[in-house]
Structure formats: structure tokens, C-alpha cells
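Here's the structure we're looking at; comments come further down.
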Amino acid sequence: MTLRISLITLLLAATPVLAESPNVGAIKAEAGQKFFDAECRRCHAIDSKDKSYGPPLEGIIGRKAGSVEGYPYSEALKAAGITWTEGAIRAWMEDNQGLIPGTRMRHVGITDPVEQEFILTWLRQSAAH
789 MTLRISLITL
799 LLAATPVLAE
809 SPNVGAIKAE
819 AGQKFFDAEC
829 RRCHAIDSKD
839 KSYGPPLEGI
849 IGRKAGSVEG
859 YPYSEALKAA
869 GITWTEGAIR
879 AWMEDNQGLI
889 PGTRMRHVGI
899 TDPVEQEFIL
909 TWLRQSAAH
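As numbered in this note's numbering, residues 789 to 917 make up the sequence shown, in order.
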């Protein structure tokens, strides 16, 4: 909670400066990495070479849900038929059980749209590398 408040306060205070800075994406990605590490990393890796409990999130944007080879997804997730668009990822972060009832992943509950945007920025940047 303190990490969230500190990062959001810092970024909101710097918003007028950031609006004109070419480094906005890098700043958002850095904040996104911190949020990812705090909220997602305990189960998910970005890089498919790194071990993780959940499926790796490398290249998740635009990927079909339940499609990482070898990962034992729930039947609900495999049958969902969704593609991980940014909107679907936002909905998942906010209420994964509401989006796909029966999934095995614990409820995430990232409801703050700013925090969601930072995590998405990190996921986009990670996919580009």
C-alpha cells in the first residue's frame, strides 16, 4: 500500500513536467515494473526462460488466453476464447473471477486505472525487448 501511494503521489506531482517529457514512457514503465514486482511477480515471470508458478507474461498483449504451451490452465480459462487485449487485461486485473468464473488464479483486485496503466506500460515495454 505504501509503495502504491508513494509512486502515485510522485507521478501525480510530476504530471505537468511529465506531459512534456520524452521520458514519460520510461517513467511509466519503471513504475509499472515496481507495481508488477509487488502485485504479480510472486506468481508470474515476464521472460519465459524464468521459472514461475503461473504462466509467463512475455508477449501477453495480443495472445490468446490459455495458450502458453505446457502450462496447466483451468478448463474455464482454456474455454474462455478471449485474446489478451489491453482492455481484457485491465478487466482481469480488476476482477479476474468476474471476467472468467472458474479460473484458478486468486483474485488480483488491481482496481486503480493508473496502476493498471503502469503495469500495461511495463508489459508493452517488456514485449519490445
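Cβ atoms here follow ideal geometry from the backbone N, Cα and C, with glycine treated the same way.
Residues bridged to residue i [DSSP beta-bridge criterion]
i, result
"T899", "None, per the DSSP bridge assignment."
"T891", "For T891, which the question treats as bridged, DSSP gives no partner whatsoever."
"K852", "T871"
Option nearest residue i by Cα separation, candidates the options
i, options, result
"T873", "A853, P889 and Y859", "A853"
"D825", "I907, T891 and A915", "I907"
"E846", "D838, I834, E857 and V856", "I834"
"T891", "D900, T899, W880 and V812", "W880"
"E903", "A867, N811 and K816", "K816"
"R912", "D900, A864, E882 and I877", "I877"
"G886", "E827, A814 and A868", "A868"
"K914", "E827, S836, N811 and V812", "Sequence check: residue 914 is Ser here, not Lys. Of the listed residues, the one whose Cα sits closest to S914 is S836."
Start and end residues, alpha helix (DSSP H) containing residue i
i, result
"M881", "E874 to L887"
"I815", "V812 to E827"
Beta-carbon contacts of residue i that lie in its chain and below 6 Å, excluding the five residues immediately before and after
i, result
"S840", "H832 and A833"
"R830", "none"
"T899", "E882"
Close Cβ partners of residue i (< 7 Å) along its chain, the five nearest in sequence each way excluded
i, result
"N884", "T891, M893, H895 and V896"
"S862", "G890, T891 and R892"
"V856", "P843 and P844"
Status (buried if at least 16 other CB within 10 Å, exposed otherwise) for residue i
i, result
"P843", "buried"
"A819", "buried"
Beta-carbon contacts of residue i that lie in its chain and below 8 Å, excluding the five residues immediately before and after
i, result
"I848", "W872, I877, L911 and A915"
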